[in-house]
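Single-structure report; data block below.
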Ligand code: 5GP
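Residue numbers (the numbering used here): 8 to 135.
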């Protein structure tokens with residue numbers, strides 16, 4: 008059991024396959040630390056996922072296990088992607104689901120970026 012108390016990282020998850028190039032994605036941005044791509048089932052006019060390149064299941068896993076450079080690089084990429092999509096001025100939402108209560112579907116840590124319309128109140132509107 009790791010620090011999160013969650014099952015270990017599963018290399019068969021869909022984002023691991025995207026990182027390995029085994030399945031396609033509509034790429035928005037990539038650098039040494041992160042990959043950003045459009046969500047396959049968008050919940051807003053802009054719905055982009057930003058994932059770290061390392062094998063982390065959750066925020067707890069990432070924050071405890073990733074190096075300072077990985078953490079800085081990842082969160083810089085999240086901010087860069089939001090800015091580059093033109094979302095800074097109108098505003099947007101960044102959200103990460105962890106575990107069952109949040110409905111996390113893919114066991115590779117990721118931040119959703121939602122934008123392109125007023126998003127309503129936080130919990131009710133974030134996932135439609
Ligand atoms: P979660 O519920 O884990 O926070 O979010 C997982 C997200 O991944 C969902 O919004 C879902 O639509 C998206 N997703 C699942 N499979 C794929 C895929 O194969 N490609 C892309 N681009 N997004 C995916």
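Backbone N, C-alpha and C fix where the C-beta goes; we use that ideal spot for every residue, glycine too.
Buried is the label assigned to residue 117, since at least 16 other Cβ atoms lie within 10 Å of its Cβ. The region 89 to 105 makes no contact with the region 14 to 32, as fewer than three CB pairs between them are under 8 angstroms. In this structure, 123 is the residue among 41, 127, 123 and 130 with its C-alpha nearest to the C-alpha of residue 51. Around the CB of residue 68, 16 or more other CB atoms lie within 10 Å, so the residue is classed as buried. Spatial neighbours of residue 127 in its own chain (CB-CB distance under 6 angstroms, excluding positions within 5 residues in sequence) are not present. Collapsing the DSSP output to three states places residue 95 in coil. The alpha-carbon of residue 39 is positioned some 23 angstroms away from that of residue 104.
With 16 or more other Cβ atoms inside 10 Å of its own Cβ, residue 43 counts as buried. Less than 7 angstroms divides the Cβ of residue 84 from the Cβ of residue 57. The DSSP assignment places 53 to 59, 99 to 102 and 118 to 122 as complete runs of the beta strand (DSSP E) inside the region 45 to 122, in order along the chain (cut-off: 3 residues). Residue nearest to residue 110 within the set 94, 95 and 130 is 130 (criterion: CA-CA distance). Of the candidates 125, 61 and 46, the residue whose Cα lies closest to the Cα of residue 26 is 61. Distances from the alpha-carbon of residue 107 to those of 33, 65, 93 and 36 put 65 closest.
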